[in-house]
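Student: Numbering (the numbering used here), first residue to last: 21 to 761. No residue lacks a Cβ here, since even glycine has one placed at the ideal position from N, Cα and C.
(1) Whole angstroms are fine: how far does the CA of residue 123 sit from the CA of residue 157?
(2) Measuring straight from C-alpha to C-alpha, what distance separates residue 51 and residue 38?
(3) Counting along the chain, where does the alpha helix (DSSP H) carrying residue 690 start and finish?
(4) Can you check which of these residues, 182, 333 and 517, is closest to residue 170 by C-alpha distance?
(5) Once the 5 residues before and after residue 761 are set aside, which same chain residues still bring their CB inside 8 Å of it?
(6) Among the candidates 489, 277 and 441, whose CA atom is the shortest distance from the CA of residue 259?
(7) How is the alpha helix (DSSP H) around residue 486 delimited, first residue to last?
(8) Identify every run of the beta strand (DSSP E) within the region 578-633, keeping only runs that are complete inside it and at least 3 residues long; order them along the chain.
(9) Look at residue 280 and residue 319 and say whether their C-beta atoms are less than 9 Å apart.
(10) Within the same chain, show all residues whose beta-carbon is closer than 7 Å to that of residue 335, passing over the 5 residues directly before and after it, in chain order.
(11) Classify residue 441 as helix, strand or coil using the three-state DSSP reduction.
(12) Between which two residues does the beta strand (DSSP E) harbouring residue 264 extend?
(13) In angstroms with no decimal places, state the Cα-to-Cα distance between residue 534 and residue 266.
(14) Can you tell which of 86, 561, 453 and 398 has the C-alpha that lies nearest to the C-alpha of residue 658?
(15) Three-state secondary structure (DSSP) at residue 52?
(16) Pull up the distance between the alpha-carbon of residue 225 and that of residue 167, whole angstroms please.
(17) Are the CB atoms of residue 599 and residue 622 nearer to each other than 9 Å?
(18) Could you spell out where the beta strand (DSSP E) holding residue 277 opens and where it closes?
(19) Here's a check: name, in chain order, each residue in its chain whose Cβ is nearer than 7 Å to the Cβ of residue 455, leaving out the five neighbours to either side.
(20) Out of 447, 458 and 317, which has the shortest C-alpha to C-alpha gap to residue 589?
(21) Please look up how many angstroms separate the CB atoms of residue 523 and residue 540, rounded, as I've assumed it's under 8 Å.
(22) Are the CB atoms of residue 512 and residue 486 nearer to each other than 9 Å?
(23) Name the DSSP beta bridge partners of residue 450, please?
(24) Let me know the secondary structure DSSP gives residue 193 once reduced to three states.
(25) Classify residue 525 as buried or exposed, calling it buried when 16 or more other Cβ atoms lie within 10 Å of its own Cβ.
(26) Quick one: grab the DSSP three-state call for residue 511.
(27) Going by Cα to Cα distance, which pick from 78, 528 and 608 is closest to residue 30?
(28) Can you check whether the CB of residue 398 is closer than 9 Å to the CB of residue 382?
(29) Under 8 Å: do the region 124-139 and the region 46-62 share three or more Cβ pairs, one atom per stretch?
(30) My output table needs one value for residue 151: the three-state DSSP class, helix, strand or coil.
(31) Could you pull out every residue in the same chain whose Cβ sits closer than 7 Å to the Cβ of residue 586, ignoring the five residues on either side in sequence?
(32) Is the Cβ of residue 590 closer than 9 Å to any Cβ of chain D?
(33) According to DSSP, is residue 472 helix, strand or coil?
(34) Measuring CB to CB, does residue 192 end up less than 9 Å from residue 405?
(35) Under three-state DSSP, which class holds residue 575?
(36) Rounded C-beta distance between residue 694 and residue 429? I'm assuming under 8 Å.
Written out as structure tokens, the structure is:
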């Protein structure tokens with residue numbers, strides 16, 4: 021691209037993992053730093069996925085330069101190939117989680133005796149010194165990350181939860197340390213030298229517990245990209261001048277002729293030159309039935325050949341393949357800006373300077389108007405302000421509600437991966453449902469077996485079972501399972517032949533029998549009951565015929581059954597004012613039939629993964645908060661694009677990795693329950709934040725001494741600490757109440 025000044029620009033967009041972020045304020049800091057750099061056109065940092073989507077001019081800047089800028093203030097970028105960068109990021113996360121867990125355990129062990137001494141044995145000999153010895157490593161070693169991160173935020177000109185934790189615990193610890201070393205300062209003034217080691221240590225432990233809950237979700241990072249990459253083989257068999265030659269996937273060129281054997285993964289996109297087979301394209305369409313491939317058929321990377329061999333010519337390789345585009349779009353969707361920021365961090369960025377200002381003003385006012393005890397009162401009141409503003413309850417408000425909400429969800433078969441999902445789900449007003457495996461069971465089965473001319477005898481049933489047992493066609497399993505359930509036993513057939521794309525045939529007692537498509541059977545028998553076949557096909561069913569050389573013996577219709585709870589679940593969602601859509605890769609006839617049976621009027625059929633994602637984007641542009649429910653690899657892109665992604669537990673691993681929620685039982689009725697749980701959890705979080713701040717709003721003025729001129733009341737720091745503890749009890753108790761709502 022060339023600008024108006026004639027300068028050539030090379031614009032590039034990358035999604036790069038970011039290290040060192042601990043909250044949404046960190047993500048905002050990283051985004052601002054990146055955006056200020058010369059050559060960066062746009063930057064979007066996602067705290068949830070710990071990644072940055074950066075659009076930049078390669079002539080003006082580079083990832084290495086941006087990495088250096090971030091490292092200067094404690095953050096970083098993981099450079100390299102997407103696969104290697106993801107592996108390194110996962111390793112860093114695992115190490116961080118392990119360290120945090122160990123620190124929490126040791127900090128808890130040391131804090132317990134501090135609490136016992138501080139609350140019940142404060143008059144025992146050397147109590148303050150014992151508390152000092154036990155509390156020091158809790159703050160300065162096991163909780164050091166809070167102080168390091170607070171310093172990092174200060175350098176970046178912002179504040180977050182770490183700033184609150186470091187400030188309050190640091191002040192409480194230093195005040196207690198001073199009173200331990202110089203208790204006479206207070207004794208000479210007729211006051212007791214109180215210490216608050218237990219408050220400092222408990223705050224560190226509780227906040228570490230909240231961090232651990234957050235890191236626990238991050239430790240189970242989505243491996244969707246890695247699994248999608250795993251769909252592509254490492255090597256390929258090409259035909260070079262009539263000779264088979266194995267080469268690396270990266271060396272495949274357009275127009276190369278590639279040999280595919282049974283069970284092989286198709287490496288690149290292309291067109292079949294010769295041969296016949298069935299290819300499992302469920303990663304594209306989500307449909308369970310493999311697709312027949314013959315000369316001229318299109319094949320796509322990541323799909324799996326089931327039976328038969330064929331040769332095809334490569335038409336799209338590398339980043340141009342269908343699979344590569346899916347991987348790229350999933351990466352972009354996962355790395356896009358989260359719609360919801362961490363409420364606590366937003367409040368903290370305002371709360372910290374306000375509390376600091378109040379403490380400073382309190383100290384100054386008392387020094388000016390405090391009389392002969394000005395210094396004493398100034399110190400006590402300013403410390404009381406900082407102690408009562410301790411963010412213990414603020415830190416517990418969200419994680420305790422989330423912990424209870426997630427636990428309640430798990431008890432009801434709803435697995436929730438992160439807090440963000442619960443924060444957004446209650447605002448969902450549009451739900452996208454995949455058909456196969458979501459509304460339906462995802463397993464083809466025989467819906468109709470019509471025996472013609474009173475031919476339903478055990479011999480014919482046994483012949484049909486024997487034929488289908490020998491078949492490799494994907495529909496054959498449905499027929500064999502159906503007949504076996506009726507107690508049918510197989511017979512011995514001879515001259516079995518599998519005619520790819522048409523059907524199968526074999527001989528029993530000198531007579532030939534056939535099972536196959538109506539078109540093929542019609543060429544053999546000449547006359548078939550077209551009315552019955554057409555009627556079944558119009559209902560969205562797949563029809564196969566069982567025949568001899570002279571007559572059709574049976575008509576078999578195979579379908580994917582609708583789950584028993586699907587219609588009720590959809591009705592509940594619609595009653596809640598939620599628009600329900602069905603998007604599927606299946607044909608329109610089948611899609612309309614299924615939709616009508618479950619009460620859905622908004623249907624889109626014949627869609628590829630990219631089409632589903634684009635449909636969701638369009639709804640989001642219209643202001644909808646969209647939830648996507650799916651179960652296949654083909655749904656991963658749409659799941660990543662949606663505001664809330666929900667996977668069916670019996671679906672693919674990749675769908676569950678991408679999704680923020682998983683319904684273990686694959687029962688759609690769980691989805692209204694999940695949305696209700698979200699509303700309850702968000703309500704609890706708001707209540708918790710109210711209780712966390714109401715004590716500050718009442719207590720901070722009292723701690724500053726506003727009542728002293730009227731009645732001589734001055735809040736003791738011990739009472740301030742008790743108020744802080746009471747706010748924590750209120751928050752935890754309210755969160756536990758969520759279990760019984």
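Tutor: Reading off the structure:
(1) Your numbering for residue 157 matches position 137 in the chain shown. Your numbering for residue 123 matches position 103 in the chain shown. Distance between the alpha carbons of residue 157 and residue 123 is about 10 Å.
(2) Here residue 51 refers to the residue found at position 31 of the chain shown. Here residue 38 refers to the residue found at position 18 of the chain shown. So the two alpha carbons sit approximately 11 Å from each other.
(3) Here the question's residue 690 lines up with position 670 in the chain shown. 690-724 is the extent of the alpha helix (DSSP H) around residue 690.
(4) Locating residue 170 in the chain shown gives position 150, counting from the first residue. Of 182, 333 and 517, the residue nearest in Cα terms is 182.
(5) Walking along the chain shown from the start, residue 761 turns up at place 741. Taken in chain order, the residues that qualify are 700.
(6) Taking the chain shown and counting its residues from 1, the one referred to as residue 259 is at position 239. The residue with the shortest Cα to Cα distance from residue 259 is 277.
(7) To locate residue 486, count along the chain shown from 1; it is residue 466. Residues 478-490.
(8) 599-603 and 622-624
(9) One-based indexing of the chain shown puts residue 280 at position 260. One-based indexing of the chain shown puts residue 319 at position 299. Yes, they are a contact pair.
(10) Within the chain shown, the letter at position 315 stands for residue 335. Excluding sequence neighbours, residue 335 sits near 274, 289, 290 and 291.
(11) Along the chain shown, read from residue 1 onward, the residue named residue 441 stands at position 421. Residue 441 falls in the helix class under three-state DSSP.
(12) Here residue 264 refers to the residue found at position 244 of the chain shown. First-last of the beta strand (DSSP E) with residue 264: 263-268.
(13) The residue you call residue 534 lines up with position 514 of the chain shown. The residue you call residue 266 lines up with position 246 of the chain shown. Each residue's alpha carbon lies about 40 Å from the other.
(14) The count along the chain shown starts at 1 and reaches residue 658 at position 638. Of 86, 561, 453 and 398, the residue nearest in Cα terms is 453.
(15) As a first step, residue 52 must be located in the chain shown, where it is residue number 32. The answer is helix: DSSP assigns residue 52 an H, G or I state.
(16) As a working note, residue 225 is residue 205 in the chain shown. As a working note, residue 167 is residue 147 in the chain shown. Roughly 14 Å separates the two Cα atoms.
(17) Numbered from its first residue, the chain shown carries residue 599 at position 579. Numbered from its first residue, the chain shown carries residue 622 at position 602. It is a contact, given that the beta carbons lie within the stated cut-off.
(18) Indexing the chain shown from 1 puts residue 277 at position 257. Here the beta strand (DSSP E) through residue 277 covers 277-280.
(19) To locate residue 455, count along the chain shown from 1; it is residue 435. Contacts found: 602, 604, 606, 611 and 614.
(20) Taking the first residue of the chain shown as 1, we reach residue 589 at position 569. Cα-wise, what sits closest to residue 589 is 458.
(21) Sequence index remark: in the chain shown, residue 523 carries index 503 (1-based). Sequence index remark: in the chain shown, residue 540 carries index 520 (1-based). Contact flag correct, Cβ pair sits at about 5 Å.
(22) Taking the first residue of the chain shown as position 1, residue 512 is located at position 492. Taking the first residue of the chain shown as position 1, residue 486 is located at position 466. It is a contact, given that the beta carbons lie within the stated cut-off.
(23) Position 430 of the chain shown holds residue 450. DSSP lists 599 and 646 as partners of residue 450.
(24) Residue mapping note: residue 193 aligns to position 173 of the chain shown, counting from 1. In this structure, residue 193 counts as helix in the three-state DSSP scheme.
(25) Walking along the chain shown from the start, residue 525 turns up at place 505. Counting Cβ neighbours within 10 Å, residue 525 comes out buried, since at least 16 surround it.
(26) Your numbering for residue 511 matches position 491 in the chain shown. Coil, per DSSP.
(27) Within the chain shown, numbered from 1, the residue matching residue 30 stands at position 10. Of 78, 528 and 608, the residue nearest in Cα terms is 78.
(28) Here residue 382 refers to the residue found at position 362 when the chain shown is read from its first residue. Here residue 398 refers to the residue found at position 378 when the chain shown is read from its first residue. Cβ atoms of residue 382 and residue 398: closer than 9 Å.
(29) no
(30) To locate residue 151, count along the chain shown from 1; it is residue 131. Residue 151 falls in the helix class under three-state DSSP.
(31) Taking the chain shown and counting its residues from 1, the one referred to as residue 586 is at position 566. The answer, listed in chain order, is 459, 618 and 688.
(32) Absent from the structure: chain D. Only one protein chain is present.
(33) Here residue 472 corresponds to residue number 452 of the chain shown, with the count starting at 1. Three-state result, residue 472: coil.
(34) In the chain shown, residue 192 corresponds to position 172, counting from 1. In the chain shown, residue 405 corresponds to position 385, counting from 1. Against a cut-off of 9 Å, the Cβ pair of residue 405 and residue 192 comes out as no contact.
(35) Locating residue 575 in the chain shown gives position 555, counting from the first residue. Residue state, collapsed to three classes: strand.
(36) What you label residue 694 is simply residue 674 of the chain shown in a count that begins at 1. What you label residue 429 is simply residue 409 of the chain shown in a count that begins at 1. Between residue 429 and residue 694 the Cβ distance is about 7 Å, and since that is below 8 Å, they are a contact.
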